[in-house]
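K.L.:
Below: one structure in structure tokens.
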Amino acid sequence: MKTFNTSVLALASIATTLAFGAPASADDGGLYAKPLDPNSAFVRVIAPGASSATVSSSSFNQLSDGVSPYVAVAPGDIPVTASGGQGSVKAAAGKFYSAILTDSGLVTIEDDMTKNPSKATLSLYNLTEKADIDLFVPQAGAEAVSDVDSGASKSVALRAPLNVDLVVREGDKEIAKLDKIEFKRLAGVTVVVTGTGDKVDAVAVPSTISR
1 MKTFNTSVLA LASIATTLAF GAPASADDGG LYAKPLDPNS AFVRVIAPGA SSATVSSSSF
61 NQLSDGVSPY VAVAPGDIPV TASGGQGSVK AAAGKFYSAI LTDSGLVTIE DDMTKNPSKA
121 TLSLYNLTEK ADIDLFVPQA GAEAVSDVDS GASKSVALRA PLNVDLVVRE GDKEIAKLDK
181 IEFKRLAGVT VVVTGTGDKV DAVAVPSTIS R
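Put into structure tokens, the structure is as follows:
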């Protein structure tokens, strides 16, 4: 099992452009709708193509694009399963983890989730064989997330709320597009890129915690 640490990228060059959101409304909900137990760890499954998954004793059916909610668990070795396989995540208190389950096995990624009340977390997972992909924001004319290696992830905190289009690029080549993605304060969006060769697909799923 390999473990990758994510990094939050500074977006100084597009901060002004992406800061056009209005004040948060009462239905801004998200990851932090209720106080989180600082002694808990948070684990989810990302299993492209899977319709169900389990994290510890919590089961999820009819998954949206193979991404489960995070589950609050006691720190330790957390069992995870999906149709793509099974394994365990070594989880520490206060940390967020994504267990990537594919035919190749389990990869654990430690996620960076912002706790800034004016921002949302955008996380990009490169589950292709492409060595380097980026996430471009056409409205800002700049990249939100850059240089994500194959099998890895990076996250960035964006000012919210806002709605933007997202383009997945390999160098200057557009390989997938996501239209009108909504970001809410203290919430998150997970973008998972899969496929081989020129057949690449991207999905965007809200990042949530099972309550």
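Numbering of the sequence shown is given in our numbering, commencing with residue 1 and proceeding in unit increments.
Ideal Cβ placement from N, Cα and C applies to all residues, glycine included.
The structure presented is a predicted model; accordingly, all values stated were derived computationally and were not measured.
Please determine if the segment 182–194 and the segment 109–124 are in contact, where contact requires at least 3 C-beta pairs separated by less than 8 Å.
P.N.:
They touch, by the three-pair rule.
K.L.:
Mind checking whether Arg169 and Ile133 have CB atoms under 8 Å apart?
P.N.:
Stepping through the sequence shown from its first residue, residue 169 is reached at position 169. Stepping through the sequence shown from its first residue, residue 133 is reached at position 133. Yes, these two residues count as a Cβ contact at 8 Å.
K.L.:
On the criterion of 16 or more Cβ atoms from any shown chain inside 10 Å, does Asn61 qualify as buried, or is it exposed?
P.N.:
Along the sequence shown, read from residue 1 onward, the residue named residue 61 stands at position 61. Asn61 comes out exposed.
K.L.:
Using a Cβ-Cβ cutoff of less than 6 Å, which residues in the same chain neighbour Ser146 once the five nearest sequence positions on both sides are dropped?
P.N.:
As a working note, residue 146 is residue 146 in the sequence shown. Cβ neighbours of Ser146 beyond the five flanking positions: Asp134.
K.L.:
Compare the C-alpha of Ile46 against each of Gly105, Asn39, Ala93 and name the closest.
P.N.:
Within the sequence shown, residue 46 is the residue found at index 46, counting from 1. Checked all of Gly105, Asn39, Ala93; the closest Cα to Ile46 is Gly105.
K.L.:
If you follow the beta strand (DSSP E) that Phe177 is in, where does it begin and where does it stop?
P.N.:
For the purposes of this step, residue 177 is identified with residue 177 of the sequence shown, where counting begins at 1. Residue identity differs from the one stated: residue 177 is Lys in this sequence, not Phe. First-last of the beta strand (DSSP E) with Lys177: 173–183.
K.L.:
Under DSSP, the beta strand (DSSP E) around Leu162 begins and ends at which residues?
P.N.:
Taking the first residue of the sequence shown as position 1, residue 162 is located at position 162. Segment 162–170, the beta strand (DSSP E) holding Leu162.
K.L.:
Applying the 10 Å Cβ sphere with the 16-neighbour rule, what's the burial state of Ala131?
P.N.:
For the purposes of this step, residue 131 is taken as the residue at position 131 of the sequence shown. Exposed, by the Cβ-count rule.
K.L.:
I'd like to check one pair, Val192 with Asp65: are the Cβ atoms closer than 8 Å?
P.N.:
For the purposes of this step, residue 65 is taken as the residue at position 65 of the sequence shown. For the purposes of this step, residue 192 is taken as the residue at position 192 of the sequence shown. Yes, the pair counts as a contact, with Cβ atoms nearer than the cut-off.
K.L.:
Which whole-angstrom value is the C-beta distance of Pro48 and Thr121, which I expect to be below 8 Å?
P.N.:
Counted from its first residue, the sequence shown places residue 48 at position 48. Counted from its first residue, the sequence shown places residue 121 at position 121. The Cβ separation is near 20 Å, so there is no contact.
K.L.:
For Pro264 and Val43, what's the separation of their Cα atoms in angstroms?
P.N.:
Because residue 264 is not part of the residues shown, which for the chain are 1 to 211, the question remains open.
K.L.:
Helix, strand or coil for Glu143, going by three-state DSSP, please let me know.
P.N.:
As a working note, residue 143 is residue 143 in the sequence shown. Glu143: strand per DSSP, three-state reduction.
K.L.:
Please state whether the Cβ-Cβ distance between Thr128 and Thr81 is less than 8 Å.
P.N.:
Translated into the one-based positions of the sequence shown, residue 128 becomes position 128. Translated into the one-based positions of the sequence shown, residue 81 becomes position 81. Against a cut-off of 8 Å, the Cβ pair of Thr81 and Thr128 comes out as no contact.
K.L.:
Per DSSP, Gln86 forms a beta bridge with which residues?
P.N.:
Your numbering for residue 86 matches position 86 in the sequence shown. Gln86 pairs with Thr81.
K.L.:
With distances taken from CA atoms, which of Ala74, Ala41, Asn39, Ser88 is nearest Thr54?
P.N.:
As a working mapping, residue 54 is identified with position 54 in the sequence shown. The residue with the shortest Cα to Cα distance from Thr54 is Ser88.
K.L.:
From which residue to which residue does the beta strand (DSSP E) around Ile109 run?
P.N.:
Taking the first residue of the sequence shown as 1, we reach residue 109 at position 109. Counting along the chain, the beta strand (DSSP E) containing Ile109 begins and ends at 105–111.
K.L.:
Looking at the structure shown, is Lys115 part of a helix, part of a strand, or coil, going by DSSP?
P.N.:
Sequence index remark: in the sequence shown, residue 115 carries index 115 (1-based). Coil.
K.L.:
Identify every residue that forms a DSSP beta bridge with Gly188.
P.N.:
For this step, residue 188 is matched to residue 188 along the sequence shown. DSSP lists Thr121 as partners of Gly188.
K.L.:
Quick one, which of Asp198, Lys199, Leu178, Arg211 has its alpha-carbon nearest Val205's?
P.N.:
Here residue 205 refers to the residue found at position 205 when the sequence shown is read from its first residue. When each option's Cα is compared against that of Val205, the closest is Leu178.
K.L.:
May I have the straight-line CA-CA distance separating Arg211 from Ala140, to the nearest angstrom?
P.N.:
Within the sequence shown, numbered from 1, the residue matching residue 211 stands at position 211. Within the sequence shown, numbered from 1, the residue matching residue 140 stands at position 140. Cα-Cα distance, rounded: 35 Å.
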